[in-house]
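Chemist: My questions will all concern the structure given below.
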Amino acid sequence: MGRMSTGAGRGRYGEAVFRPEQPGEDDRIDLGALTYDDMTLDRLRALGAGPGWNCLDVGAGTGTVARRLIEEAGVTSVLAVDRDVRFLAARPLPGLDLLEADAVAPDFDPGSRFQLVHARFVLMHLPSWRRVIARLGGLLADGGVLVLSDAIDLTSRSAPPSPYTRVMQAMWQGLRDTIGTDISWVPQYPQHLRDAGLVSVAAEIRVPPLTPGSPISRFWVGTWDRARESMVATGLVDDTTIEEAVRYLESPDCAALSPGMITTWGRRPLPA
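Next up, the structure:
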């Protein structure tokens, strides 16, 4: 996806880009939630999330998944973890506990084991994703399920060149250069969960439609705005190209495929 960088990822998500103190960042996150939460909750409930379950939500963002697990799935508790919990703390809820911590830190240990461990759009930003998969799998109770979701882009590299595809390519490359975001490995997610010792591994891909004014279209516009400096720095696009892509997303002529979400799950084996 564009040129490779020899110094990729010197910054971190939430620091170099997507800073929580930037006005409107919670709204941008919630646009992603409006797009993907129903899909996520359908999968979590199908895997058994419900009464009696204690759950861990890593990189919980504004907490939409954690709250819906309590309010709709009826789980007993959710521990929501994020390096910055300001958005989570703004809407307390019985059964929702907060932990401001870095799941990548060597000493990260929530002190419990869970029937469900969930993380969405988190590992793609972490250079140590292999180690994190193993760590999160180790936080499962016997028979518990690990559910991980990340972005998958099925067309940006193969679709005919356009302002939209060039901007998407520049976004992925700019984020890789800036904070180390890498989605090249996510199609192999099921094998990585198997390698971590999980069983009953499976996966699905969901791709939301790009329509004018839709939450996912507005999410990409907001994401490009926040990542603009890193995108232009790739040399793949300039401000004019980005604005052309924005107008295309807002046009009824838009006929492109959005990056989607791959969700993979697997269970910790029961004792023999």
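Taking our numbering, the leading residue of the sequence shown gets 50, the next gets one more, and so forth.
Positions of the beta carbon are idealized from the N, C-alpha and C atoms, including for glycine.
None of the values given here were measured: they were computed from a predicted structure.
Excluding five sequence neighbours on each side, which residues of the same chain lie with their C-beta closer than 7 Å to the C-beta of L247?
Modeler: Cβ within range, chain order: G186, L195, G315, R316 and R317.
Chemist: Check S54 in the structure and name its three-state DSSP category.
Modeler: The predicted model places S54 with a pLDDT of 35, which falls under 50 and marks its position as unreliable, so this point remains unresolved.
Chemist: Would you mind listing the beta strand (DSSP E) stretches within the segment 112-198 that are 3+ residues and don't spill past its ends, in chain order?
Modeler: List check, beta strand (DSSP E) in window: 126-131, 145-149 and 163-169.
Chemist: The beta strand (DSSP E) with L105 in it runs from where to where?
Modeler: Start and end: N103 to V107.
Chemist: Would R52 be called buried (16 or more neighbouring beta carbons within 10 Å of its own) or exposed?
Modeler: Confidence in R52 is poor, its pLDDT being 30 and thus under 50, which makes the residue's placement too unreliable to answer from.
Chemist: Would you call the CB atoms of V127 and L145 closer than 8 Å?
Modeler: Yes, the pair counts as a contact, with Cβ atoms nearer than the cut-off.
Chemist: Is the segment 68-86 touching the segment 289-297 in the sense that three or more CB pairs, one from each, lie closer than 8 Å?
Modeler: Segments in contact, no.
Chemist: Between the segment 225-243 and the segment 171-180, can you find at least three pairs of beta-carbon atoms closer than 8 Å?
Modeler: Yes, the segment 171-180 touches the segment 225-243.
Chemist: Using 8 Å for Cβ pairs, my map puts V151 next to R132. What's the rounded Cβ distance?
Modeler: Per the sequence presented here, residue 151 reads as Asp, with Val not at that position. D151 to R132, Cβ: 5 Å. Contact.
Chemist: Checking 8 Å against the spacing of the C-beta atoms, do V216 and T290 come in under that value?
Modeler: Taking 8 Å as the Cβ cut-off, V216 and T290 qualify as a contacting pair.
Chemist: Classify P258 as helix, strand or coil using the three-state DSSP reduction.
Modeler: Here P258 sits in strand by DSSP.
Chemist: Is the Cβ-Cβ distance between V130 and D106 less than 8 Å?
Modeler: Yes. Within cutoff.
Chemist: Using a C-beta cutoff of 8 Å, does V216 count as contacting chain D?
Modeler: Among the chains of the structure shown, chain D does not appear; only one protein chain is present.
Chemist: What are the partner residues of I201, as DSSP defines its beta bridges?
Modeler: Partner(s): G309.
Chemist: With H, G and I counted as helix, E and B as strand and the rest as coil, what does DSSP make of G315?
Modeler: In the structure shown, G315 sits in a strand (DSSP, three-state: E or B).
Chemist: Name the two residues that bound the continuous alpha helix (DSSP H) containing W273.
Modeler: Run containing W273: P264 to A282, per the alpha helix (DSSP H) assignment.
Chemist: Comparing alpha-carbon positions, which option in E253, C303 and A138 lies nearest D91?
Modeler: Nearest C-alpha to D91: E253.
Chemist: Does the structure place the segment 266-278 close enough to the segment 193-208 that three or more beta carbon pairs sit under 8 Å?
Modeler: No, the segment 193-208 does not touch the segment 266-278.
Chemist: Quickly, what does DSSP pair E253 with across the bridge? List them, please.
Modeler: Per DSSP, T312.
Chemist: Let me know if P210 comes out buried or exposed under the rule of 16 or more other beta-carbons within 10 Å of its beta-carbon.
Modeler: Classification of P210: exposed, given that the 10 Å Cβ count is below 16.
Chemist: Please report how far the alpha carbon of S54 lies from the alpha carbon of R225, in whole angstroms.
Modeler: Reliability of the predicted coordinates at S54 is poor, the pLDDT of 35 falling under 50, and no value is obtained from them.
Chemist: Roughly how far, in whole angstroms, is the beta-carbon of Q164 from the beta-carbon of A190, given that I think they are within contact range, below 8 Å?
Modeler: Sure, about 6 Å apart at Cβ, within 8 Å.
Chemist: Can you list, in chain order, the residues of its chain whose CB lies under 7 Å from that of T84, leaving out five sequence neighbours each side?
Modeler: Contacts found: P257, P264, I265 and F268.
Chemist: With A98 and A122 assumed to form a contact (beta carbons below 8 Å), what rounded beta-carbon distance in angstroms separates them?
Modeler: Their Cβ separation, rounded to whole angstroms, is 5 Å, which keeps A98 and A122 in contact under 8 Å.
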